[in-house]
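These notes are about the structure you will find just below.
Protein chains: 2
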Amino acid sequence: MTDIAHHTFPSAYLREFSRQVFMHFGVPEADARLASDVLAVSDLRGIDSHGVARLHTYFDMLSLGRINPQPNLRVVRQTPSTATVDGDNGLGLVVGPKANEIAMEKAERVGSGWVSVCNTNHFGIAGYYPLKALERNLIGWAMTNTTKLVAPLWGAERMLGTNPIAIAFPGLEEPPIVIDLATSAAAYGKIEIAIRQQKEIPLGWIIDQRGETTTQPTDMVNGGALLPLGSDREHGGHKGYALSAMVDILCCVLSGANWGPFAPPFALRQHVPERSVGKGIGHFFGAMQIEGFLDTNEFKRQIDDWIRTFRQTKPVPGTRGPLIPGDPEREAETHRRQHGIPLIQPVVNDLLDISRQTGIPFTTTDDR
Amino acid sequence: MTDIAHHTFPSAYLREFSRQVFMHFGVPEADARLASDVLAVSDLRGIDSHGVARLHTYFDMLSLGRINPQPNLRVVRQTPSTATVDGDNGLGLVVGPKANEIAMEKAERVGSGWVSVCNTNHFGIAGYYPLKALERNLIGWAMTNTTKLVAPLWGAERMLGTNPIAIAFPGLEEPPIVIDLATSAAAYGKIEIAIRQQKEIPLGWIIDQRGETTTQPTDMVNGGALLPLGSDREHGGHKGYALSAMVDILCCVLSGANWGPFAPPFALRQHVPERSVGKGIGHFFGAMQIEGFLDTNEFKRQIDDWIRTFRQTKPVPGTRGPLIPGDPEREAETHRRQHGIPLIQPVVNDLLDISRQTGIPFTTTDDR
């Protein structure tokens, strides 16, 4: 993001702005707090693509009545350790935390909880949900499908979302291990940056509309597709495709949401699929009591040992050795809590536009 | 495997031979049947590396008393939906199916079951376990750690196993989707084949002992390591590493087994780690009642639709389009049920050696 001038904002300022924006559309205050928290955590952790940079899209969808600001979540079916939840077409930023809460409550009662959710929308960063579980000494999982962007291996069209998997494990003295990964080889945001910078991209990130691998990022927007993690057959592209399929089925087939290419679009400019096979998009949450498996402190001590052992791995020349999953996000958070959230000009312009349309005050640092 | 002459055996013949071999060491008959079933399914499904090709290794370990032929599995701790199991240093081929059974029973009682296992050994193909769950209309998961072979991204030494993840989903008229993938970029067996054929391997499969990527397969045996799925930072190698870490922690830290580089060796020739941080290796099993989420037949109908939709994906030129996970294994099974299991000469020699040492009859097709 160094290619574009930016302004910096305290996290609390952005959080308060998005809370007011959600409330402007009739989202109840408690729900608006939840939703703005998910966005704030994303910005704090350096995942710029999923924070207030997306607020204008939520704003558009709420403005057009495409998202229900006051959903009544309904448990459609359940067992002591599982549930299917209908999100009533609410904000994923509200449905997600509430469905995750159901998973966590079940885990506290019977050892684990697993919740598949239909009729929901984009839920922010997957990593948010296991972070909430950590606060309760639970191992949390989160997955979601997303609008189609990725080709299955040997396919020449978009059939799956970037379908992320997140899970986290707490340490005692060490910070937690936080895993949050899309099942595509590269993030769509990287293609956008390459287009803006007019640079080529590595082979293995995308295919063009005929299905051939290409280094031209513009081929993506001209009918191309992202490749799954592993990229090609030789390097395990069938594995990334299988992981994405797993996420798709757990989130959507199990809950009754729109799977695969039929996921409804998140943003207005995106193509609406010709077929609907369920309701909205889908999420999948899991939570497991650590204490149900072994003493929680013993688990945390072993995680500390795991982290320290992996930090001591002999490094590849030219690197400082392996990171622990979650390191980059934690470093971003430390820096941003102190120095604020940097936003590029197009995002600032989006927020100013929302401010103009709603009357909710928003000013850049320079004017505050 | 076309580079070496082979003999062909009926699956039942190999199954019976391995059952007798396990019983020769005092493994109870029911357990010997379980263990030989896991090997037979692997051979039927075309995963040659994990079938009777491994019998001599089990034979060695049992001969030396390194594996307990009569383990008493113990549930160390449990909640209604989770359990920690101590495998009493039994064959993974026996401990695995029994721990998986506990997960499935819990799923039938409270919706889901999750079992982390310590003090166990190599459990065969991960895909075996979700196949058992399919028979009971459950969604089954299986993971295991294995002896270290894989470097974490930016690490120049072996720290993790190939740590597979398996999960399966039943169709109604279509065959099930069966996912079974190692979290490394390539299988170790492919390196061995390249060494035998004196061929180069693609960049992105392994690093040499200094941590540099290399096309020389012999660099693997000279202190090199496999790369995680994604291979390098640009193509998501940090994701494969994170998935492998997830498997390692769920299987080992949660159960009290030896995680990461401390996994004990499976075969005699392998290096014994200098430190022990738990008992044996670890597995993790999960099972979820489909009916707990939605009507089982409706789920299966949607899976049929999913499969048919993905089969209609526009193909990449030169391919027949995407496969459905499990296709190659199912095709192998159809063929091998009819035509038998092909074994290469070194494997036949291993079985003949076991026969000589135990007195259990084994002859090649030509003599039968």
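Just so you know, the protein sequences line up as chains A and B, in that order. What the first sequence shows, in our numbering, is residues 302 to 669, in sequence order. What the second sequence shows, in our numbering, is residues 302 to 669, in sequence order. Ideal Cβ placement from N, Cα and C applies to all residues, glycine included. Note that the structure is predicted; figures quoted are calculated from it, not measured.
Q.
Strictly below 7 Å CB to CB, what residues from chain A border E458 of chain B?
A. T614, K615
Does the contact criterion of 3 or more C-beta pairs under 8 Å hold for the stretch 309 to 322 of chain B versus the stretch 400 to 414 of chain B?
no
Discussion item. So, with DSSP's three-state summary, where would you put I582 of chain B?
Written reply: strand
- Message: Using CA atoms only, rank isn't needed, just tell me which of A:V376, A:T309, A:R511, A:R437 is closest to T597 of chain A.
- Response: A:R437
* DSSP on T597 of chain B, reduced to helix/strand/coil? -> helix
query = What residues from the stretch 543 to 567 of chain B come within 9 Å of chain A, judged by C-beta to C-beta, listed N to C?
reply = A543, L544, A546, M547, D549, I550, L551, C553, V554, L555, S556, G557, W560, G561, P562, F563
From B:G505, B:S337, B:S656, B:S364, residue whose alpha carbon lies closest to that of R534 of chain B:
B:G505
Cβ of I582 of chain A less than 8 Å from any chain C Cβ? The question asks about chain C, but that chain is absent: this structure's protein chains are A and B.
Note to self: Can you give me the C-alpha to C-alpha distance between R637 of chain B and L345 of chain B, rounded to a whole angstrom?
What the structure shows: 6 Å
Run through DSSP, which three-state label would P465 of chain B get?
-> coil
Open item on the list: According to DSSP, simplified to helix, strand and coil, what is P357 of chain A?
Closed with: Note that residue 357 of chain A is His in the sequence shown here, rather than Pro. Here H357 of chain A sits in helix by DSSP.
Less than 8 Å between CB atoms is the rule here; does E630 of chain B satisfy it with respect to chain A? no
Spatial neighbours of F326 of chain A within its chain, please: C-beta separation below 7 Å, excluding the five flanking residues on both sides. L363, P370
*May I ask which residues mark the beginning and end of the beta strand (DSSP E) holding T445 of chain A?*
439 to 445
Next on the checklist: Beta-carbon within less than 8 Å of D304 of chain A's beta-carbon, same chain only, minus the 5 sequence neighbours each way: which residues are those?
Outcome noted: Low local confidence applies: a pLDDT of 48 at D304 of chain A is under 50, so the model's placement there is unreliable, with the coordinate-based value given in what follows. The residues are I494, R497, Q498.
Chain-ordered neighbours of L595 of chain B on chain A, where CB pairs are closer than 9 Å: V377, R378, T385, S417, V554, L555, S556, G557
Pick from A:I480, A:T516, A:R459: whose alpha carbon is nearest that of A564 of chain A?
-> A:R459
- F310 of chain B lies in the beta strand (DSSP E); which residues open and close that run? 307 to 310
Is the shortest distance between the beta-carbon of I478 of chain A and the beta-carbons of chain B less than 8 Å?
yes
Tell me the DSSP secondary structure of T242 of chain A in three-state form.
It is not possible to answer for residue 242 of chain A, since the shown part of chain A is limited to 302 through 669.
ask   = Does I468 of chain B get closer than 8 Å to chain A when you measure Cβ to Cβ?
value = yes
Within a Cβ cutoff of 7 Å, which residues of the same chain sit near P566 of chain B, ignoring the five residues on either side of it in sequence? T448, H572, V573
Checklist line | Simplified DSSP assignment, three categories, for V573 of chain B | finding: coil
Any C-beta of chain B under 8 Å from that of L454 of chain A = yes
How big is the Cα-Cα spacing for E276 of chain A and K601 of chain A? Nothing about residue 276 of chain A can be read from this structure; chain A reaches only from 302 to 669.
Determine the DSSP secondary structure at V648 of chain A, reduced to helix, strand or coil. helix
Sufficient close CB pairs (3 or more, under 8 Å) joining the stretch 415 to 427 of chain A to the stretch 387 to 396 of chain A
yes
Requested in this report: Using only alpha-carbon positions, find the residue among B:A568, B:T635, B:T519, B:D654 that is nearest to R367 of chain B.
Outcome: B:A568
Practice problem: Pull up the DSSP beta-bridge partners for G541 of chain A, would you. | Solution: Looking at the DSSP assignment, G541 of chain A forms no beta bridge with any residue, so it has no partner.
Do you know how far the Cα of V479 of chain B is from the Cα of P431 of chain B?
8 Å
Where does T665 of chain A fall in DSSP's three states?
-> coil
**Study point:** Simplified DSSP assignment, three categories, for G456 of chain B
**Key:** strand
field: First through last residue of the beta strand (DSSP E) which encompasses T421 of chain B
entry: 413 to 421
- Query: Whose Cβ in chain B lies nearer than 7 Å to the Cβ of E317 of chain A?
  - Reply: Those do not exist, as E317 of chain A stays about 33 Å from chain B at its closest Cβ, beyond 7 Å.
DSSP three-state call for G587 of chain B: helix, strand or coil?
strand
message = Rounded to whole angstroms, what is the Cα-Cα separation between M302 of chain A and C552 of chain B?
response = Low local confidence applies: a pLDDT of 41 at M302 of chain A is under 50, so the model's placement there is unreliable, and no value is given.
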